[in-house]
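Q:
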Amino acid sequence: MSNAATRSGVVRDSLGVGIAVGAYGFAFGASSVAAGLTVAQSSLLSLLAFTGGTQFAVVGVVAGGGGMAAALASGLLLGARNTLYAMRLSPLLRVRGVRRLLAALGTIDESTAMAVAQPSPPLARVAFWWTFGGVFVFWNLTTLLGALVGSLVDPATIGLDAVVPAAFLALLAPRLRAGVTEVRVAVAGAVIAAALIPFTPPGVPVLTACAALLLAGRVRAS
Amino acid sequence: MNEWVLVIATIVGCYLLKLAGYLIPARVLERSHVRRVVELLPVALLAALVVVEAIGAGRRIELDGARLAGFGVGAVAVWRRAPFLVVVVAAAVVAAVVRAVYG
């Protein structure tokens, strides 16, 4: 296959990822207004926070009636994986100045996965920027659409309450296939969170699951 | 709660977390303990979020048939390695249909 053909294949795949994420953006917009955020607040999160899992985590805590600290902590803990992605992307993208500031915004699950899957740095850069662009356009359009529809229709009527846990599971699944430790950590996290739901404010079960992991890691390391 | 404060804090925090990765020297990651924690943290977090979103309703455990049916079908799709779009649409359609019929 010629270089041009390879490149256009990468562009096509990258845009395909953007379209797939669009359905998820609709679910976010609708869930977000159902949780009590305005259409403008929901859209601003998608435009500038631009990291789906985190956005769902934050509005999930708000929807449950949780406090600001728990909502923010859940979101930022989940957002911390983007730091790791940026560290992997940095030597591939080699961006400086304004382009680095823009690349930072686009550092998410999808753009990282597409970039690191490419056989060469130039293709990695094509995959990163096109996936970022595709996801950005569709994620924001569908967030707005979902938020507008969600202001009119109860998201549960169109089944969006089932989408959120299924989407989190889809994000989790590739990590579970990485090893036995991952499975153990996931089971422990799930059990701790389930056990705490009735006894703690919304957001705290998820944070406690993470704290337990950190504590277990510290015990083992020492 | 002031939602605007939450929205702005989330935006600023998320952006700085992303930017930090371009500024931190790569050797920090080479410390295996740090790397392992960073890799496993999302696993614990996502697993907890799956459970809370599937069976939680504020401070109550709520076993909603339609939600669980949609989630179950979505989970099977994830297990069968279906594309993300299929997972999302299948979960929504099943939950909506079950709710319309039995709800």
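Chain order of the listed sequences is C and Z.
Residues in the first sequence are numbered consecutively from 4, following the working numbering.
Residues in the second sequence are numbered consecutively from 70, following the working numbering.
All C-beta atoms, glycine included, are put in the ideal place defined by N, C-alpha and C.
Model, not experiment: these values are computed from the prediction.
1) Starting from the beta carbon of C:Ser-93, find every residue of chain Z whose beta carbon is closer than 8 Å, and list them in chain order.
2) In terms of alpha-carbon separation, which member of C:Val-64, C:Gly-19, C:Val-166 lies closest to Z:Glu-72?
3) Which of the three DSSP states is assigned to Z:Arg-100 in this structure?
4) Could you confirm whether any beta carbon from chain Z is found closer than 8 Å to the beta carbon of C:Leu-227?
5) Measure from the alpha carbon of C:Arg-10 to the alpha carbon of each residue in C:Ala-176, C:Val-167, C:Arg-128, then state which is nearest.
6) Helix or strand or just coil, what does DSSP make of C:Ile-200?
7) Taking 8 Å as the threshold, find out whether the region 153-164 of chain C comes into contact with the region 78-91 of chain Z through three or more Cβ pairs.
8) Compare the C-beta of Z:Leu-75 against all C-beta atoms of chain C and say whether one is closer than 8 Å.
9) Within 10 angstroms of its Cβ, does C:Gly-192 collect 16 or more other Cβ (buried), or is it exposed?
10) According to DSSP, is C:Gly-182 helix, strand or coil?
11) If you measure beta-carbon to beta-carbon, which residues of the region 85-111 of chain C are closer than 9 Å to chain Z?
12) Identify the continuous alpha helix (DSSP H) that holds C:Pro-125 and give its terminal residues.
13) Under 8 Å by Cβ, that's how I've got C:Phe-131 and C:Ala-120 pegged, so tell me the actual separation to the nearest angstrom.
14) Any Cβ of chain C within less than 8 Å of the Cβ of Z:Gly-134?
15) Should the region 89-102 of chain Z be regarded as contacting the region 26-35 of chain C, the criterion being three or more beta carbon pairs within less than 8 Å?
16) Using only CA atoms, which one of Z:Thr-79, Z:Glu-108, Z:Val-103 lies nearest to C:Gly-182?
17) In or out: C:Ser-77 buried (at least 16 other Cβ within 10 Å) or exposed?
18) Please list, in chain order, the chain C residues whose beta carbon lies closer than 8 Å to that of Z:Arg-105.
19) For the region 10-85 of chain C, which segments carrying the alpha helix (DSSP H) assignment without a break, of at least 4 residues, lie completely within its bounds, in sequence order?
20) Within 8 Å of any Cβ in chain Z, is that where the Cβ of C:Leu-126 sits?
21) Between C:Tyr-88 and the rest of its own chain, which residues show a CB-CB distance below 6 Å, the 5 nearest in sequence each way excluded?
22) Cβ closer than 8 Å: which chain C residues qualify as neighbours of Z:Tyr-84?
23) When DSSP builds the beta bridges, which residues end up paired with Z:Ala-126?
24) Can you check whether the CB of C:Trp-133 is closer than 8 Å to the CB of C:Leu-50?
25) Does C:Pro-158 come out as helix, strand or coil in the three-state DSSP assignment?
A: So, to answer that:
1) Within the first sequence, the letter at position 90 stands for residue 93 of chain C. Simply Gly-90, Tyr-91, Ala-95.
2) The residue given as residue 72 of chain Z occupies position 3 in the second sequence. When C:Val-64, C:Gly-19, C:Val-166 are compared, the shortest CA-CA separation from Z:Glu-72 is found for C:Val-64.
3) One-based indexing of the second sequence puts residue 100 of chain Z at position 31. When secondary structure is reduced to three states using DSSP, Z:Arg-100 falls in the coil class, being assigned neither helix nor strand.
4) Beyond the ends of chain C as shown, which are 4 and 225, falls residue 227 of chain C; an answer cannot be given.
5) By one-based count along the first sequence, residue 10 of chain C stands at place 7. Looking at the Cα atoms, C:Arg-128 is the closest of the given residues.
6) Your numbering for residue 200 of chain C matches position 197 in the first sequence. Coil, per DSSP.
7) Output reads no: the region 78-91 of chain Z does not touch the region 153-164 of chain C.
8) The residue you call residue 75 of chain Z lines up with position 6 of the second sequence. True, the Cβ-Cβ gap to chain C drops below 8 Å.
9) As a first step, residue 192 of chain C is located in the first sequence; it is residue number 189 there, counting from the start. It counts as buried.
10) Here residue 182 of chain C refers to the residue found at position 179 of the first sequence. C:Gly-182: coil per DSSP, three-state reduction.
11) Answer set for the region 85-111 of chain C: Asn-85, Thr-86, Leu-87, Tyr-88, Ala-89, Met-90, Arg-91, Leu-92, Ser-93, Pro-94, Leu-96, Val-98, Arg-103, Leu-104, Ala-106, Ala-107, Leu-108, Gly-109, Thr-110, Ile-111.
12) Locating residue 125 of chain C in the first sequence gives position 122, counting from the first residue. For C:Pro-125, the uninterrupted alpha helix (DSSP H) segment begins and ends at 124-155.
13) By one-based count along the first sequence, residue 131 of chain C stands at place 128. By one-based count along the first sequence, residue 120 of chain C stands at place 117. Wrong, their Cβ atoms sit about 11 Å apart, outside the cutoff.
14) Counting from one through the second sequence, the residue named residue 134 of chain Z turns up at place 65. When Cβ-Cβ separations below 8 Å define contact, Z:Gly-134 makes no contact with chain C.
15) Output reads no: the region 26-35 of chain C does not touch the region 89-102 of chain Z.
16) Sequence index remark: in the first sequence, residue 182 of chain C carries index 179 (1-based). Minimum Cα distance to C:Gly-182 is reached at Z:Glu-108.
17) By one-based count along the first sequence, residue 77 of chain C stands at place 74. By the 10 Å Cβ count, C:Ser-77 comes out buried.
18) Residue mapping note: residue 105 of chain Z aligns to position 36 of the second sequence, counting from 1. Result: Gly-220.
19) Segments of the alpha helix (DSSP H) lying fully in the region 10-85 of chain C: 42-47, 55-66, 71-82.
20) Translated into positions along the first sequence, residue 126 of chain C becomes position 123. Not closer than 8 Å to any Cβ of chain Z, the Cβ of C:Leu-126 fails to qualify, so no.
21) As a working note, residue 88 of chain C is residue 85 in the first sequence. Listed in chain order, the non-local C-beta contacts of C:Tyr-88 below 6 Å within the same chain comprise Thr-110, Thr-115, local neighbours out to five positions each way being set aside.
22) Position 15 of the second sequence, counting from 1, holds the residue named residue 84 of chain Z. Neighbours of Z:Tyr-84 in chain C, taken as residues at a C-beta separation under 8 Å, are given in chain order as Leu-51, Ala-52, Ala-107, Leu-108.
23) Along the second sequence, one-based indexing puts residue 126 of chain Z at 57. DSSP lists Z:Arg-129 as the bridge partner or partners of Z:Ala-126.
24) Taking the first residue of the first sequence as 1, we reach residue 50 of chain C at position 47. Taking the first residue of the first sequence as 1, we reach residue 133 of chain C at position 130. Cβ atoms of C:Leu-50 and C:Trp-133: not closer than 8 Å.
25) Taking the first residue of the first sequence as position 1, residue 158 of chain C is located at position 155. Here C:Pro-158 sits in helix by DSSP.
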